[in-house]
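Presented below is the structure to which this report refers.
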Amino acid sequence: MTYSTTFAQVSLANSSPSWRQILVVSDKNPISFPTPGYISREETVDGITTKTSYFTTGNIFRHIIKDGMHYYWFIVNRVETTQSADPEALREQMAINDILTGGDGNGTDEG
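When you line the sequence shown up against the working numbering, it's residues 404 to 514, in that order.
Put into structure tokens, the structure is as follows:
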């Protein structure tokens with residue numbers, strides 16, 4: 404499953420067209436969204452987990468099937484991003500960085 408955002412000009416009921424942020428979720432298989440008003444994803448890189456929460460209008464704005472892929476469009480009202488770190492993974496990354504930069508390999512600059 405992949406996530407991306409873009410901007411598109413959309414018309415909602417009884418309103419003029421306006422530019423809105425769109426969340427596009429895609430996959431080879433159909434996806435069920437139990438809470439389409441709240442969609443989140445997590446990604447961990449080097450011991451730091453980033454959680455991105457998308458608060459949408461609460462329904463699927465558009466569902467497109469093209470070339471065997473399902474694309475779901477959601478109109479985004481708000482995005483929140485939080486990060487958390489695994490202390491052990493951070494210590495390991497600091498030790499690697501020290502070794503690469505000529506440090507002592509224990510995550511400190513003390514020789």
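Backbone N, C-alpha and C define an ideal beta-carbon position, used for all residues, glycine too.
>> Threshold first: 4 residues or longer. Then list the alpha helix (DSSP H) segments lying entirely within the region 405 to 475, N to C.
In response: none
>> So, for residue 471: in the same chain, excluding its five sequence neighbours on each side, which residues have a beta-carbon less than 8 angstroms away from its beta-carbon?
In response: 431
> Candidates 411, 444, 422: which alpha carbon is nearest residue 483's?
Replying inline: 444
>> Please report the distance separating the alpha-carbon of residue 408 from that of residue 503.
In response: 36 angstroms
> Excluding five sequence neighbours on each side, which residues of the same chain lie with their C-beta closer than 7 angstroms to the C-beta of residue 455?
Replying inline: 443, 444, 482, 484
>> Here's a check: name, in chain order, each residue in its chain whose Cβ is nearer than 7 angstroms to the Cβ of residue 459, leaving out the five neighbours to either side.
In response: 426, 439, 440, 442, 477, 478, 479, 480
> Could you give the residue range of the alpha helix (DSSP H) that holds residue 501?
Replying inline: 490 to 503
>> Tell me whether residue 452, by its Cβ, gets closer than 8 angstroms to a heavy atom of the ligand SAH.
In response: The ligand SAH is not part of this structure, which contains no ligands at all.
> Which value, in whole angstroms, describes the spacing of the CA atoms of residue 449 and residue 493?
Replying inline: 7 angstroms
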